[in-house]
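Some notes on the structure that comes next.
Protein chains: 2
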Amino acid sequence: MKNERILLVNRPKGAPQKSDFRFEEASTPALENNQVLLKTIYLSVDPYMRGRMSDRKSYVPPFQLNEPISGGIVGQVVESLSGELEEGDFVIGNLAWQKYNVASDAEVRKLDPSLAPLTANLGVLGMTGLTAYFGLLDIGNPQEGETVVVSGAAGAVGTIVGQIAKIKGARVVGIAGSDDKISYLKDELGFDVAINYKTENVYEALKAACPDGVDVYFDNVGGEISDSVLALINKGARIPVCGQIALYNLEKADVGPRMQSQILINSALMKGFIVSDYAAHFEEGAIELAKWVKEGKISYSENIVDGFENTIDAFLGLFSGENTGKQLVKVAEPENV
Amino acid sequence: MKNERILLVNRPKGAPQKSDFRFEEASTPALENNQVLLKTIYLSVDPYMRGRMSDRKSYVPPFQLNEPISGGIVGQVVESLSGELEEGDFVIGNLAWQKYNVASDAEVRKLDPSLAPLTANLGVLGMTGLTAYFGLLDIGNPQEGETVVVSGAAGAVGTIVGQIAKIKGARVVGIAGSDDKISYLKDELGFDVAINYKTENVYEALKAACPDGVDVYFDNVGGEISDSVLALINKGARIPVCGQIALYNLEKADVGPRMQSQILINSALMKGFIVSDYAAHFEEGAIELAKWVKEGKISYSENIVDGFENTIDAFLGLFSGENTGKQLVKVAEPENV
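Going line by line, the protein sequences match chains A and B.
full-length UniProt numbering puts the first sequence at residues 1 to 337.
full-length UniProt numbering puts the second sequence at residues 1 to 337.
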């Protein structure tokens, strides 16, 4: 069994480069009691990881240089000294980007592959879905007939935000970066309006799309797109700030109109969050999401790249504005046991 | 009885000028049933009124051109066709800047002058105190040992915010614009630290004053001062946005660092508000404030200018950074009845 891992070797300045990462052979320590050896089946690449590559205060601690990247992984137990997990079991956890990981049974959670496809646990039923669920419902709190705008709308989180907002009876306007994405949002996911920020004047298009103003703005991107949305918020608007993908690779200061006067005159609420703020409520969210998926009220798309060696390309692709839905890497075939 | 009033005759561009206002003789309509004729005793001049002088969406509708300004007024009944109010009674209400107003008894609230000085009803026990009370306690929610920063700290709202924060056991840092104000905040009101933004580097001074970061930032001013405070917020910080006095007279766009990434990485909450958002809870707030004033836990300062003819100067003085505490105009002596 040859193990391999991906290290962060340079802190990216601006957009990450392939040269910021290195593949190398990894050792695999012998198992201790309550540990399992896990073969990585799927790994998740997510925009927030860019933040962890810089050595500055962020919502999660930075990755260490010359140490492996870590993130959401679905693995299969190939060897077990655990009383709870046995060979063949599937688990999910926050683990290193390695072909094999050693983990204690407390570090992972067992999955039931009959309940949902394995990959869904890294997407719509995992951190991605829970991020959309809690940010939109706890902070955004959309009411029937209100207007919800979501930026990064075709991304993994954005697609779920829009669909939950529809379930709650809101009018939903998405902002995304290609005509294919626009069609996907409108035709497949039922968004009322979708705006292509690369070809349209976002402010004018939003103004036309939101004749009654904006009640909830789920912000995945920041920057000028957010400036345009914030200019249109209503009295009592709620703004969950989930991501600032426009900024992650920005080298210079992010400067724009200060928004406090808009917040003030509209008695608006802006709240940043990270999904772990809601850890105590994960189960409730996962049950609701699973129900909606089963009822066909939430559909989700996955973009699965094959091969551990393509992990970095998959990660870099998140920032080119090309991906739709949840980006995953399939590292190995699961084994039947 | 000669009546007089103050009209808005130009919408100020930038800082308001005396020429934006006009004094003129006013008529006094005959009383109808349930109405009283009120002699203005005190009137309140407040920074938020600047916002109402522009013809743009704000938290209250704009003043109309060639119509009188209106605001908080303590008046005395000089004639009554009301079953509830009689000659000599003192009332408070939102009324026109006139020497005499006609109001229905539903438009005003009767005051008991034995409970508190008349002027306190326009300040610490009125909208000013309630603004501090609800913004700080409902949005800021300071906990014992936390650090609360307040800008515009020597203003009518800021002085009360700081004292309530001290009552709640927080460490309080105020930002104000003169050494006299700094001494007042520290020596008279018990602020732990006070920073003079005109003579100190605000960011460096704040960093030294807040070694554990900022948990609550009560924002009265906006602009670069707020940029400095926001750079120092802690995880879970709360930011009531109460005013943006730095902006009211700004003609160009207010541009600075976008703060969403700070909000995001700290899971921080920013919420704009206007005191009327809390109208349903005014009584509870007024009772608590009156108790604290009685116990000597909140002291307040008033700056009372004499004479209706000095109203505009008193209003313009709010923006020169010179006033401390609540600014009032005494229009007439109350009569003993």
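All residues carry an ideal CB built from backbone N, CA and C; glycine is no exception.
Exercise for the section: Using a Cβ cut-off of 7 Å (strictly closer), state whether G140 (chain B) contacts chain A. Expected result: no
Problem - C-alpha distance - S183 (chain B) paired with D112 (chain B), whole-angstrom precision - result: 34 Å
Exercise for the section: Taking only beta-carbon positions, decide if V161 (chain A) is within less than 7 Å of chain B. Expected result: no
Exercise for the section: Kindly indicate the opening and closing residues of the alpha helix (DSSP H) around S183 (chain A). Expected result: 179-183
Exercise for the section: Show which residues of chain A have a CB atom less than 9 Å away from the CB atom of residue 349 (chain B). Expected result: Given that chain B is displayed from residue 1 to residue 337, the structure contains no residue 349 (chain B) and the question cannot be resolved.
Problem - Cβ shell of A332 (chain B) (< 6 Å), same chain only, five flanking positions each side left out - result: K39, I41
Handout entry: Three-state secondary structure (DSSP) of I265 (chain B)
Key = helix
Problem - Rounded separation between V329 (chain A) and V241 (chain A) - CA only - result: 27 Å
Practice task
For chain B, find out if any of its Cβ atoms is closer than 7 Å to the Cβ of G256 (chain A); answer yes or no.
Solution key: yes
Practice task
Put D138 (chain B) into one of helix, strand or coil per three-state DSSP.
Solution key: helix
Practice task
Please name the residues in the region 299-333 of chain A whose beta-carbon is closer than 8 Å to at least one beta-carbon of chain B, in chain order.
Solution key: none
Exercise for the section: Name the residue from B:R109, B:G169, B:G307 whose alpha carbon lies nearest to the alpha carbon of S82 (chain B). Expected result: B:R109
Problem - Separation of V45 (chain B) from A116 (chain B), as counted between CA atoms - result: 20 Å
Exercise for the section: With 7 Å as the threshold, decide whether the Cβ of residue 366 (chain B) is near any Cβ in chain A. Expected result: What the structure shows of chain B is the stretch from 1 to 337, and residue 366 (chain B) is not part of that stretch, so it cannot be assessed.
Exercise for the section: Compare the C-alpha of P211 (chain B) against each of B:Y197, B:A156, B:I233, B:N196 and name the closest. Expected result: B:I233
Handout entry: Spatially closest choice to residue 344 (chain B) from B:D313, B:D306, B:E295, B:S276, by CA coordinates
Key = Coverage of chain B is limited to positions 1 through 337, which leaves residue 344 (chain B) absent and any answer about it impossible.
Problem - A231 (chain A): contacting residues in chain B (beta-carbon distance under 8 Å) - result: Chain B residues near A231 (chain A): none, gap ~11 Å exceeds 8 Å.
Problem - Of the residues B:I92, B:S114, B:K99, the one placed nearest D105 (chain B), counting alpha carbons only - result: B:I92
Exercise for the section: In angstroms with no decimal places, state the Cα-to-Cα distance between V214 (chain A) and L136 (chain A). Expected result: 14 Å
Problem - Close Cβ partners of R5 (chain B) (< 7 Å) along its chain, the five nearest in sequence each way excluded - result: E24, A26, P68, A96, W97, Q98
Problem - Buried versus exposed call for A314 (chain B) [16 or more other C-beta atoms within 10 Å across all chains shown] - result: buried
Problem - Test: K271 (chain A) CB closer than 7 Å to a CB of chain B - result: yes
Exercise for the section: Could you tell me if the beta carbon of F218 (chain A) falls within a distance shorter than 6 Å of some heavy atom in the ligand MN? Expected result: Absence of the ligand MN is noted for the structure shown, with no ligands found whatsoever.
Handout entry: C-alpha distance - G307 (chain A) paired with L43 (chain A), whole-angstrom precision
Key = 10 Å
Practice task
Within its chain, find whatever has a CB closer than 6 Å to the CB of F21 (chain A); leave out the 5 residues flanking it on each side and keep chain order.
Solution key: I6, I312
Handout entry: From A:V74, A:K181, A:L269, A:V9, residue whose alpha carbon lies closest to that of N141 (chain A)
Key = A:L269
Exercise for the section: With a 10 Å radius around its C-beta and 16 neighbouring C-beta atoms as the bar for buried, classify P16 (chain B) as buried or exposed. Expected result: buried
Practice task
Note down, in chain order, every chain B residue with its Cβ under 7 Å from the Cβ of A253 (chain A).
Solution key: P257
Problem - A208 (chain B) versus A231 (chain B): straight-line alpha-carbon distance, rounded - result: 13 Å
Exercise for the section: Kindly identify the DSSP beta-bridge partner or partners of V148 (chain B). Expected result: B:V172, B:V216
Exercise for the section: Go ahead and label residue 342 (chain B) buried or exposed: buried means 16 or more other beta carbons lie within 10 angstroms of its beta carbon, across all protein chains shown. Expected result: Residue 342 (chain B) lies beyond the range of chain B shown here (1 to 337); nothing can be said about it.
Problem - Within chain B, partners of D46 (chain A) - CB distance below 8 Å - result: Per Cβ cutoff of 8 Å: no residues; D46 (chain A) is ~14 Å from chain B at best.
Handout entry: Minimum Cβ-Cβ distance from V241 (chain B) to chain A less than 7 Å
Key = yes
Practice task
Check whether the Cβ of Q143 (chain B) lies closer than 7 Å to any Cβ atom in chain A.
Solution key: no
Practice task
Alpha carbon to alpha carbon, how far is R50 (chain B) from N323 (chain B)? Give it in angstroms, no decimals.
Solution key: 16 Å
Problem - Classification of P47 (chain A) by the beta-carbon crowding that lies within 10 angstroms, buried from 16 upward - result: buried
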